[in-house]
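Using the working numbering, read the sequence shown as starting at 33 and increasing by one per residue.
Ideal placement from N, C-alpha and C gives every residue a C-beta, glycine not left out.
Just below is one structure, and these are the notes that go with it.
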Amino acid sequence: QLTDTLKVLKKHGRVHKDSIVAMQALADMFMPIKLVPKQFDVLVERVRGALDRLRQQERAIMQLCVRDARMPRADILRLFPSNETDQTWSGDLAKRNTKWAAALGEKDAAIVA
């Protein structure tokens, strides 16, 4: 069907009646491919659920750092990426000489939990 469609397009161009019929026939052949099997729906749902839980945890960490420990939002956006799995990250930041370090040290247990 693809070769037939290409021949018709080459002979008549895209706006000719025969070309439109050939492209529609080709489109009809590809239509079933767009449908997602039910097995993929389950897998995608699990991944989306895990990603949602991860985002909720990241929001909670940001809230503890920014709202409760008064850490500047720009600092957490700069320092948190690539430290998502490091459980000593907040403890190491609490040892710094910044005005929010002491408050972050108090929230360390909640951040790691």
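Going by alpha carbons, who is nearest to residue i out of the options?
i    : options           : result
I108 : I143, L75 and L83 : I143
Just how far apart, CA to CA, sit residue i and residue j?
i    : j    : result
P69  : A141 : 44 Å
Q119 : F72  : 34 Å
R78  : R87  : 14 Å
M63  : K43  : 25 Å
A92  : W132 : 17 Å
P104 : V98  : 6 Å
P113 : L83  : 16 Å
N46  : D60  : As written in the sequence, residue 46 is Arg, which differs from the Asn given in the question. Their Cα atoms are separated by approximately 17 Å.
D124 : A134 : 11 Å
N129 : R80  : 39 Å
R102 : W121 : 17 Å
Q95  : V74  : 32 Å
L41  : S51  : 6 Å
K49  : E90  : 56 Å
Do residue j and residue i come within 8 Å of each other at the CB atom, strictly closer than that value?
i    : j    : result
T37  : M55  : yes
L111 : A126 : no
Between which two residues does the alpha helix (DSSP H) holding residue i run?
i    : result
V47  : Looking at the DSSP string, V47 is not in any alpha helix (DSSP H), and its letter there is neither H nor E.
M94  : K70 to Q95
A106 : R105 to L111
W14  : Outside the displayed span of the chain (33 to 145) sits residue 14, for which this structure offers no information.
D118 : From DSSP, D118 is part of no alpha helix (DSSP H); its letter is neither H nor E.
V144 : D140 to V144
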